[in-house]
Amino acid sequence: MRFLKGHGTENDFVLLPDHDGMLDLTADLVRRLCDRRAGIGADGVLRVVRTAACGEADHPGAEWFMDYRNADGSVAEMCGNGVRVYARHLVDTGLAPAGQLLLATRGGVKDVTVTDDAVTVDMGPAAVGDPVTVDGVAGTFVDMGNPHVVLPVPSVAALGVLSPDRTDLNVEYIEVVGPHHLRMRVHERGVGETRSCGTGACAAVVATALRTGEPRGAAYDVDVPGGRLQVTWRADGNVLLTGPAVVVYEGEWL
Numbered sequence: 005m006r007f008l009k010g011h012g013t014e015n016d017f018v019l020l021p022d023h024d025g026m027l028d029l030t031a032d033l034v035r036r037l038c039d040r041r042a043g044i045g046a047d048g049v050l051r052v053v054r055t056a057a058c059g060e061a062d063h064p065g066a067e068w069f070m071d072y073r074n075a076d077g078s079v080a081e082m083c084g085n086g087v088r089v090y091a092r093h094l095v096d097t098g099l100a101p102a103g104q105l106l107l108a109t110r111g112g113v114k115d116v117t118v119t120d121d122a123v124t125v126d127m128g129p130a131a132v133g134d135p136v137t138v139d140g141v142a143g144t145f146v147d148m149g150n151p152h153v154v155l156p157v158p159s160v161a162a163l164g165v166l167s168p169d170r171t172d173l174n175v176e177y178i179e180v181v182g183p184h185h186l187r188m189r190v191h192e193r194g195v196g197e198t199r200s201c202g203t204g205a206c207a208a209v210v211a212t213a214l215r216t217g218e219p220r221g222a223a224y225d226v227d228v229p230g231g232r233l234q235v236t237w238r239a240d241g242n243v244l245l246t247g248p249a250v251v252v253y254e255g256e257w258l
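Residue numbering for the sequence shown follows the numbering used here, beginning at 5 and increasing consecutively.
Here it is as structure tokens:
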């Protein structure tokens, strides 16, 4: 079975080309692929499949569907870094032209722009819910196609090992470095702590803007252990995510 390996700010993925939807992608296979000692190693799996063959709901206008699975084998709605890596793969292999394209996900169809240096995704609107308590602290709930709780902290470096008592949610710990500049660590549902989380960065910016009263439209830098992402919560309510995405090697799973 052919695979590729890619990452966006070191949030890494195994990509499985399955254009016609013939692969039986079981939870056990996902876990074995993502195992960092006995497998390839990754935070998740991206199955590259045509929308017409994906077996999911119809997504008009989007030729390709991102079938994303967490490292524990669970099915996930959305992954901001994964969308960027998926789009980079399509462009690099000639399956889609550079520039603007539509990608279908379980979190809806995403408008993606691919350039030489970065990939930008219109993540759609953020949905803010009632506060959610994690480890005794009330955090801001933000749905970016997948559920997040954002917790402000004085220093992310001082946190030690992340082990929140809510493993059914993605939990972001954010430190305000300066105006429109955040530092973030994240514990992802079904994975654990990762080097980056694109939807988490979006949720962090939305939560911060709400807490500080910052008007929409400002571009934020979000520093994660794996690099830097740029996030803008636009006046129309949609959130833009920009960052690097690379495919680093390919191989054969025996």
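For each residue, glycine too, the CB sits at the ideal point set by N, CA and C.
Computed from a prediction, not measured in an experiment: that's the story for all the values here.
Per-residue burial, residue i [other beta carbons within 10 Å of its own, 16 or more giving buried]
i           : result
residue 31  : exposed
residue 71  : buried
residue 133 : exposed
residue 207 : buried
residue 257 : exposed
residue 252 : exposed
residue 93  : buried
residue 171 : exposed
residue 183 : exposed
residue 23  : exposed
residue 135 : exposed
residue 141 : exposed
Length of the line joining the Cα atoms of residue i and residue j
i           : j           : result
residue 152 : residue 188 : 13 Å
residue 88  : residue 115 : 11 Å
residue 197 : residue 117 : 28 Å
residue 83  : residue 203 : 6 Å
residue 51  : residue 226 : 27 Å
residue 236 : residue 209 : 8 Å
residue 167 : residue 254 : 33 Å
residue 85  : residue 191 : 15 Å
residue 47  : residue 53  : 19 Å
residue 34  : residue 49  : 7 Å
residue 61  : residue 158 : 43 Å
residue 222 : residue 28  : 43 Å
Identity of the residues DSSP links to residue i by a beta bridge
i           : result
residue 74  : 48
residue 235 : 224 and 245
residue 196 : 192
residue 177 : 155 and 189
residue 68  : 54 and 107
residue 119 : Answer by DSSP bridge pairing: none, since residue 119 is not bridged.
residue 219 : In the DSSP output, where bridge partners are listed per residue, residue 219 has none listed.
residue 21  : 52
residue 255 : 7
Other residues of its chain near residue i: CB distance less than 7 Å, five sequence neighbours each side excluded
i           : result
residue 126 : 114, 115, 242 and 244
residue 7   : 18, 19, 20, 44, 254, 255 and 257
residue 250 : 10, 11 and 92
Chain-order list of residues whose beta-carbon lies under 6 Å from that of residue i (same chain, five-residue window excluded)
i          : result
residue 42 : none
residue 81 : 110, 111, 149 and 150
residue 65 : 106
Closer than 7 Å: residue i CB and nearest the ligand ADP heavy atom
i           : result
residue 242 : This structure does not include the ligand ADP; it has no bound ligands of any sort.
Chain D contact for residue i (CB, 8 Å cutoff)
i          : result
residue 24 : The structure shown contains no chain D; it is built from a single protein chain.
8 Å Cβ shell around residue i - same chain, five flanking residues per side excluded
i           : result
residue 229 : 14, 189, 199 and 200
Query - Segment contact flag, the segment 212-220 with the segment 99-111, C-beta cutoff 8 Å, min 3 pairs - result: no
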